[in-house]
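Going by the numbering used here, the sequence shown runs without a break in its numbering and finishes at 1180. Even for Gly, the Cβ is constructed at its ideal location relative to N, Cα and C.
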Amino acid sequence: MSAQPMTDISAFWTESLADELLRFLTGRLKCPDIAAELTHDTYLGLRQIAEKTPPDNTRAMAFRIAINLTIDHQRKTMVRDRYGADEDFDALAETIPGNAAPPEQVLIGQQRLAALQHALGELPQACRTVFLLHGVDGLTYTQIAERLGISKSQVNKLLAQAMAHCARQLAD
């Protein structure tokens, strides 16, 4: 006998569960904004699971999803910190020409953008695709893994490889 999928959100997601998750994630991450985002992502993940097969223990499933999302977030942060990707792209964003930018800043921005395009062109197709799906399209590791038919671990490795390569090329 198969279980009927849940369609009533209130049957598995309550205000008290959301508050409990938010407190848990805030304590673990020390950032209320990220904790709120991951609480929402937990809701989405739980809802997706519950639509297919209702969990036996909703609270445990919600916390497992939240912990996994936290681990993914922390790994992503470590990769960014390790390769200094945020700094390079923030600096690149500051050099993109605007209406009042001096000509030398416009030239620097164009040169850095060309260097980034060249670095992306040197990457293997899989690395480039993962980098663009994450950085440009804003897809999560899970979404990229599903789209490309690879594991989230492989997405993490390819993204780290792409960011390290681009960071090296922009540093030169």
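Residue i vs residue j beta-carbon contact at 7 Å
i        : j        : result
Leu-1141 : His-1173 : no
Leu-1077 : Leu-1124 : no
Ala-1043 : Leu-1033 : yes
Ala-1168 : Val-1087 : yes
Phe-1139 : Ala-1175 : no
Met-1069 : Pro-1062 : no
For residue i, three-class secondary structure by DSSP
i        : result
Phe-1032 : helix
Ala-1175 : helix
Phe-1020 : coil
Lys-1060 : helix
Asp-1094 : With a pLDDT of only 49 at Asp-1094, under the threshold of 50, the placement of this residue in the model should not be trusted; the figure read from the coordinates follows. Three-state DSSP puts Asp-1094 in a helix.
Asn-1065 : coil
Ser-1161 : helix
Lys-1084 : helix
Inter-residue CB distance, residue i and residue j (contact presumed, cutoff 8 Å)
i        : j        : result
Leu-1147 : Arg-1136 : Actually they do not touch by this definition, with Cβ atoms about 14 Å apart.
Quick one: complete alpha helix (DSSP H) runs, 4+ long, within the stretch 1108-1159?
You should have 1111-1130, 1133-1143 and 1149-1156.
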